[in-house]
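For the sequence shown, the residue numbers in mature numbering (1 follows the signal peptide of the UniProt record, and there is no 0) are -18 to -1, 1 to 242. Cβ coordinates follow ideal geometry from the N, Cα and C atoms, glycine included. It should be emphasised that the depicted structure is a prediction, and the values quoted were computed from it without experimental measurement.
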Amino acid sequence: MLLRYGLLSTLLAALVSAEIEVDVLGQSGKIMIYDAALGKSDPDRVTMTMDYLHELDENDKVVGKAGSPQQKHSTETFANQRFTYSNIQEVVFSNLTADYLSFDADVYSAGTIKVETYIFKENGTITTSTNETLEVVEGDFKFAIQLIDWNWCDPCADGNATHIDVGVELKGKDDQPTEDDLGGGISVIMSQLINIDGENVAMPDGYPKVITKNGKTLFVFRFPKEVEGGAALYDYDPLITTGGPRAEEDRCGLFCRVCG
């Protein structure tokens, strides 16, 4: 199904796959995922919103925020960036079937940010881009954030960039989510590793982290420049899952309905 975009930021396009519904909210990098049988009142629904992207110098000063769109590298909001969404499709990830949706946007002329999402349709073990293994169950939701062909401030008028922060709002039913609980026992499994052009690199100390900004709880992922001149691909992929120890036969992911 092709998604069409108009001028209204409130455009809603629904993608239905099996028992899961993914609503694309506007064109600025916001999606809602929920059980199609329960609709948007699903207590375990998750909303994911791309909030900001900052290039920063070694002193954590934001750079690349001034000048024309051709000169900018940082954005306080993705509302002024246009995302393109893929069709939803069934794919194989680490030998497990999953429903896949991606969306990407060019951030001014600096480069492309891409988000890949997967909802797993069976239990098993996956291997991430950093060669870490994770146990998943049917209904678990994984996403990856990628920076592609990024032209770093080297320099921009206001300085040289050494890293990029991407702020993402992940919200369950809890008004003040944390990494351990988005609400309803839903947690985020975060790696500290980023794959940079095929090499695993640790995020700087303290990252990823959770902050409160403008009344929103944001997960902040820091991408170090690392490679002189920048790399072609920066890839980070955490996992959202239901928390708490359970017997294997009782395990059920965020969006499966096989257990009560």
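What does the Cβ neighbour count give for Ile108, buried or exposed, with the cut at 16 atoms within 10 Å? buried
So Gly149 is in the beta strand (DSSP E); what residue range does that whole segment cover? His145 to Lys153
Would you decide whether Ile193 is buried or exposed? Buried here means 16 or more other CB atoms lie within 10 Å of its CB. exposed
Beta-carbon contacts of Pro227 that lie in its chain and below 7 Å, excluding the five residues immediately before and after: Because Pro227 sits at a pLDDT of 39, beneath the cut-off of 50, its placement in the model cannot be relied upon, and the following sentence gives the value as read from the coordinates. Contacts found: none.
Distance between Asp136 and Asp217 (C-alpha atoms, nearest Å): 21 Å
In chain order, what residues of the same chain have a beta carbon less than 8 Å from the beta carbon of Leu35, not counting five sequence neighbours either side? Ser56, Thr57, Phe60, Val89, Ile95, Ile146, Asp147, Val148 and Gly149
Can you tell me whether Val192 is helix, strand or coil according to DSSP? strand
Taking C-alpha atoms, which residue in Ser91, Lys103 and Lys22 lies nearest to Ser76? Lys103
Under the assumption that Ser91 contacts Ser68 (Cβ atoms under 8 Å), give the Cβ distance between them as a whole number of angstroms. Going by Cβ atoms, the distance from Ser91 to Ser68 rounds to 23 Å, so no, they are not a contact pair.
Which residues mark the beginning and the end of the beta strand (DSSP E) in which Met32 is found? Val28 to Leu38
Coil, strand or helix - Ser84 by DSSP: strand
Quick check on DSSP: helix, strand or coil for Lys103? coil
Hey, quick one: how far does the beta strand (DSSP E) through Glu58 stretch, first residue to last? Where Glu58 is concerned, there is no enclosing beta strand (DSSP E), given that its DSSP letter is neither H nor E.
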